[in-house]
Amino acid sequence: MLLLSIMNNACCKNPSPVFLSSIKGYDVKDHEVLRGHLAETRIVECKTKSSFKVHQAAKSFVISPLVAAFVALSPLCHPPLSHGSEVIITKDSHRGADLFNKACIGCHYAGGNIIQPGATLFLNDLQRNGVDSEEEIYRITYYGNGRMPGFGEKCTPRGQCTFGARLQDEEIKVLANFVRQEAIQGWPKVENSAGD
(Lines of atoms letter the chains of each structure in order from A; the text may use other names.)
(Lines give C-alpha, C1' and ligand atoms only; values in the text may rest on other atoms or scores of the structure.)
Protein backbone atom coordinates (compact mmCIF):
# COMPACT_ATOMS: atom_id res chain seq x y z
CA MET A 65 0.00 0.00 0.00
CA LEU A 66 1.11 3.56 -0.61
CA LEU A 67 1.51 4.43 3.08
CA LEU A 68 3.68 1.38 3.79
CA SER A 69 5.88 1.96 0.75
CA ILE A 70 6.42 5.56 1.88
CA MET A 71 7.30 4.36 5.39
CA ASN A 72 9.90 1.93 4.07
CA ASN A 73 11.86 4.52 2.06
CA ALA A 74 14.90 6.22 3.56
CA CYS A 75 14.97 9.98 3.97
CA CYS A 76 17.71 12.55 3.78
CA LYS A 77 18.56 14.95 6.61
CA ASN A 78 16.72 18.11 5.46
CA PRO A 79 13.21 17.16 4.28
CA SER A 80 10.61 19.65 3.05
CA PRO A 81 6.80 19.12 2.91
CA VAL A 82 5.13 18.02 -0.36
CA PHE A 83 1.58 17.38 -1.43
CA LEU A 84 0.28 13.94 -2.33
CA SER A 85 -0.52 15.07 -5.86
CA SER A 86 3.20 15.42 -6.55
CA ILE A 87 3.88 11.78 -5.65
CA LYS A 88 4.40 9.74 -8.77
CA GLY A 89 1.69 7.08 -9.15
CA TYR A 90 -0.71 8.76 -6.70
CA ASP A 91 -4.36 7.88 -7.34
CA VAL A 92 -7.44 9.77 -6.13
CA LYS A 93 -8.81 6.48 -4.71
CA ASP A 94 -5.75 6.27 -2.47
CA HIS A 95 -6.59 9.73 -1.15
CA GLU A 96 -10.10 8.63 -0.17
CA VAL A 97 -8.74 5.55 1.63
CA LEU A 98 -5.93 7.41 3.38
CA ARG A 99 -7.68 10.75 3.96
CA GLY A 100 -8.55 9.96 7.59
CA HIS A 101 -5.04 8.72 8.31
CA LEU A 102 -3.29 11.65 6.64
CA ALA A 103 -4.42 14.10 9.31
CA GLU A 104 -1.96 12.30 11.58
CA THR A 105 0.67 11.82 8.87
CA ARG A 106 3.20 14.28 7.54
CA ILE A 107 4.92 13.17 4.37
CA VAL A 108 8.17 14.94 3.60
CA GLU A 109 10.27 15.14 0.49
CA CYS A 110 14.01 14.70 0.51
CA LYS A 111 16.44 16.66 -1.66
CA THR A 112 16.51 13.80 -4.14
CA LYS A 113 12.68 13.75 -4.44
CA SER A 114 12.91 9.96 -4.76
CA SER A 115 12.77 8.97 -1.12
CA PHE A 116 10.22 9.87 1.54
CA LYS A 117 9.75 9.44 5.23
CA VAL A 118 6.62 9.33 7.31
CA HIS A 119 6.67 11.41 10.44
CA GLN A 120 7.18 9.35 13.63
CA ALA A 121 3.60 10.02 14.75
CA ALA A 122 2.32 8.21 11.67
CA LYS A 123 4.29 5.10 12.57
CA SER A 124 2.79 4.99 16.03
CA PHE A 125 -0.62 5.76 14.50
CA VAL A 126 -0.35 2.58 12.43
CA ILE A 127 1.37 0.39 15.03
CA SER A 128 -0.71 1.34 18.10
CA PRO A 129 -4.03 0.01 16.74
CA LEU A 130 -2.33 -3.21 15.64
CA VAL A 131 -0.86 -3.77 19.11
CA ALA A 132 -4.18 -2.88 20.76
CA ALA A 133 -6.05 -5.31 18.51
CA PHE A 134 -3.54 -8.08 19.25
CA VAL A 135 -3.79 -7.53 23.01
CA ALA A 136 -7.59 -7.31 22.95
CA LEU A 137 -7.92 -10.53 20.97
CA SER A 138 -5.17 -12.41 22.79
CA PRO A 139 -6.29 -15.46 24.76
CA LEU A 140 -3.84 -14.42 27.49
CA CYS A 141 -6.02 -11.40 28.28
CA HIS A 142 -9.23 -13.42 28.29
CA PRO A 143 -8.43 -16.90 29.61
CA PRO A 144 -11.30 -19.33 29.10
CA LEU A 145 -13.06 -20.65 32.15
CA SER A 146 -12.69 -24.37 32.63
CA HIS A 147 -15.58 -26.81 32.64
CA GLY A 148 -17.96 -24.36 30.99
CA SER A 149 -18.70 -22.63 34.27
CA GLU A 150 -19.45 -18.95 34.28
CA VAL A 151 -17.89 -16.86 37.03
CA ILE A 152 -19.83 -13.78 38.03
CA ILE A 153 -18.37 -11.34 40.52
CA THR A 154 -21.06 -10.30 42.97
CA LYS A 155 -21.35 -8.82 46.42
CA ASP A 156 -21.31 -12.42 47.71
CA SER A 157 -17.94 -12.93 45.98
CA HIS A 158 -16.44 -10.13 48.05
CA ARG A 159 -18.18 -11.40 51.16
CA GLY A 160 -16.87 -14.90 50.42
CA ALA A 161 -13.36 -13.50 50.12
CA ASP A 162 -13.77 -11.75 53.48
CA LEU A 163 -15.00 -14.95 55.14
CA PHE A 164 -12.16 -16.93 53.55
CA ASN A 165 -9.61 -14.41 54.81
CA LYS A 166 -11.02 -14.64 58.35
CA ALA A 167 -11.62 -18.38 58.71
CA CYS A 168 -9.64 -20.33 56.10
CA ILE A 169 -6.56 -18.47 54.92
CA GLY A 170 -4.42 -19.68 57.83
CA CYS A 171 -4.34 -23.22 56.39
CA HIS A 172 -5.52 -22.64 52.81
CA TYR A 173 -3.52 -19.62 51.65
CA ALA A 174 -3.98 -19.17 47.86
CA GLY A 175 -5.96 -22.41 47.71
CA GLY A 176 -3.19 -24.58 49.15
CA ASN A 177 -3.17 -26.68 52.32
CA ILE A 178 -0.30 -26.35 54.79
CA ILE A 179 -1.58 -29.25 56.95
CA GLN A 180 -2.41 -31.88 54.34
CA PRO A 181 -0.84 -31.27 50.88
CA GLY A 182 -3.14 -33.63 48.93
CA ALA A 183 -6.23 -31.81 50.16
CA THR A 184 -5.78 -28.41 48.54
CA LEU A 185 -8.64 -26.31 47.27
CA PHE A 186 -7.51 -26.59 43.65
CA LEU A 187 -10.06 -28.14 41.34
CA ASN A 188 -8.02 -31.27 40.55
CA ASP A 189 -7.60 -32.10 44.27
CA LEU A 190 -11.25 -31.32 45.01
CA GLN A 191 -12.32 -33.65 42.19
CA ARG A 192 -9.92 -36.41 43.24
CA ASN A 193 -11.22 -36.20 46.82
CA GLY A 194 -14.87 -36.08 45.72
CA VAL A 195 -15.58 -32.61 47.07
CA ASP A 196 -15.83 -30.54 43.90
CA SER A 197 -19.47 -29.47 44.34
CA GLU A 198 -20.69 -26.57 46.48
CA GLU A 199 -22.74 -29.02 48.55
CA GLU A 200 -19.68 -31.12 49.44
CA ILE A 201 -17.57 -28.04 50.17
CA TYR A 202 -20.41 -26.80 52.40
CA ARG A 203 -20.61 -30.17 54.22
CA ILE A 204 -16.87 -30.33 54.93
CA THR A 205 -16.76 -26.68 55.98
CA TYR A 206 -19.74 -27.18 58.31
CA TYR A 207 -18.80 -30.52 59.93
CA GLY A 208 -15.08 -30.79 59.21
CA ASN A 209 -13.21 -33.81 57.85
CA GLY A 210 -10.00 -35.43 59.06
CA ARG A 211 -7.64 -32.71 60.23
CA MET A 212 -9.93 -29.90 59.09
CA PRO A 213 -12.23 -28.64 61.83
CA GLY A 214 -15.89 -27.88 61.19
CA PHE A 215 -17.08 -24.28 61.33
CA GLY A 216 -20.87 -24.82 61.47
CA GLU A 217 -22.95 -23.53 64.38
CA LYS A 218 -24.23 -27.04 65.18
CA CYS A 219 -21.03 -28.93 64.35
CA THR A 220 -20.52 -32.14 66.36
CA PRO A 221 -18.61 -33.99 67.78
CA ARG A 222 -17.03 -31.19 69.71
CA GLY A 223 -13.44 -32.36 69.07
CA GLN A 224 -14.01 -32.20 65.30
CA CYS A 225 -15.12 -28.57 65.39
CA THR A 226 -13.19 -25.32 65.52
CA PHE A 227 -12.49 -23.71 68.86
CA GLY A 228 -12.76 -20.32 67.15
CA ALA A 229 -15.82 -18.42 66.03
CA ARG A 230 -18.49 -20.47 64.26
CA LEU A 231 -20.06 -19.49 60.96
CA GLN A 232 -23.77 -19.22 60.27
CA ASP A 233 -25.34 -21.50 57.64
CA GLU A 234 -25.71 -18.67 55.14
CA GLU A 235 -22.06 -17.65 55.61
CA ILE A 236 -20.92 -21.21 54.91
CA LYS A 237 -23.03 -21.22 51.71
CA VAL A 238 -21.35 -18.00 50.56
CA LEU A 239 -17.94 -19.41 51.51
CA ALA A 240 -18.58 -22.71 49.66
CA ASN A 241 -19.60 -20.79 46.54
CA PHE A 242 -16.49 -18.62 46.79
CA VAL A 243 -14.16 -21.62 47.19
CA ARG A 244 -15.78 -23.38 44.21
CA GLN A 245 -15.47 -20.30 41.97
CA GLU A 246 -11.84 -19.73 42.97
CA ALA A 247 -11.06 -23.40 42.30
CA ILE A 248 -12.56 -23.09 38.81
CA GLN A 249 -10.39 -20.04 38.15
CA GLY A 250 -7.23 -21.71 39.47
CA TRP A 251 -7.07 -19.57 42.61
CA PRO A 252 -6.02 -16.21 41.24
CA LYS A 253 -4.61 -13.78 43.78
CA VAL A 254 -6.93 -13.50 46.79
CA GLU A 255 -6.49 -10.02 48.20
CA ASN A 256 -6.50 -9.52 51.90
CA SER A 257 -9.52 -7.36 52.62
CA ALA A 258 -8.61 -6.82 56.28
CA GLY A 259 -6.97 -3.49 55.41
CA ASP A 260 -10.07 -2.16 53.60
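Each position in the sequence shown, counted from 1, maps to that position plus 64 in the working numbering. In this text, a Cβ means the ideal position worked out from N, Cα and C, and glycines have one as well. Quantities reported herein were computed from a predicted structural model and do not represent experimental measurements.
Please work out which residues of its chain come closer than 7 Å, Cβ to Cβ, to residue 240, disregarding the five sequence neighbours upstream and downstream, and give them in chain order.
Taking the first residue of the sequence shown as 1, we reach residue 240 at position 176. Correct list, in chain order: 198, 201, 202 and 205.
List the residues that DSSP assigns as beta-bridge partners of residue 221.
Residue 221 sits at position 157 when you count from the first residue of the sequence shown. None, per the DSSP bridge assignment.
Is the beta carbon of residue 247 less than 8 Å from the beta carbon of residue 163?
Position 183 of the sequence shown holds residue 247. Position 99 of the sequence shown holds residue 163. No; because the gap between Cβ atoms is not below 8 Å, this pair is not in contact.
Please report the residue range of the alpha helix (DSSP H) in which residue 195 lies.
Within the sequence shown, residue 195 is the residue found at index 131, counting from 1. Premise fails: residue 195 is in no alpha helix (DSSP H) and is neither H nor E.
Within its chain, find whatever has a CB closer than 6 Å to the CB of residue 144; leave out the 5 residues flanking it on each side and keep chain order.
Residue mapping note: residue 144 aligns to position 80 of the sequence shown, counting from 1. Low per-residue confidence applies at residue 144: pLDDT is 45, beneath 50, and the placement is therefore not dependable, though the value from the model is reported in the following sentence. Nothing listed; no residue qualifies.
So with Cβ pairs under 8 Å, would you call residue 225 a contact of chain B?
Among the chains of the structure shown, chain B does not appear; only one protein chain is present.
How would you label residue 180, buried or exposed, when you count the other beta carbons within 10 angstroms and need 16 or more for buried?
For this step, residue 180 is matched to residue 116 along the sequence shown. It is exposed - the Cβ of residue 180 has fewer than 16 other Cβ atoms within 10 Å.
Of the residues 236, 173, 166 and 216, which one's Cα is nearest the Cα of residue 250?
Start at 1 with the first residue of the sequence shown, and residue 250 comes out as number 186. For residue 250, the nearest C-alpha among the options comes from 173.
So for residue 247, helix, strand or coil by DSSP?
Locating residue 247 in the sequence shown gives position 183, counting from the first residue. It is helical.
Determine the contact status of residue 231 and residue 215, defining contact as a CB-CB distance below 8 Å.
Walking along the sequence shown from the start, residue 231 turns up at place 167. Walking along the sequence shown from the start, residue 215 turns up at place 151. Result yes, Cβ atoms of residue 231 and residue 215 sit closer than 8 Å.
What three-state label does DSSP hand residue 165 in the structure shown?
Residue mapping note: residue 165 aligns to position 101 of the sequence shown, counting from 1. Residue 165 falls in the helix class under three-state DSSP.
To which residues does DSSP link residue 182 through a beta bridge?
Sequence index remark: in the sequence shown, residue 182 carries index 118 (1-based). DSSP lists no partner for residue 182.
Roughly how many whole angstroms lie between the Cα atoms of residue 210 and residue 161?
In the sequence shown, residue 210 corresponds to position 146, counting from 1. In the sequence shown, residue 161 corresponds to position 97, counting from 1. Answer to the nearest angstrom: the Cα atoms are 24 Å apart.
How many Å lie between residue 196 and residue 170 at the Cα?
Numbered from 1 along the sequence shown, position 132 holds the residue referred to as residue 196. Numbered from 1 along the sequence shown, position 106 holds the residue referred to as residue 170. Each residue's alpha carbon lies about 21 Å from the other.
Given that a residue counts as buried once 16 or more other Cβ atoms are within 10 Å of its Cβ, and exposed if not, what is residue 236?
In the sequence shown, counting from the first residue as 1, residue 236 sits at position 172. Answer is buried; the Cβ neighbour count reaches 16.
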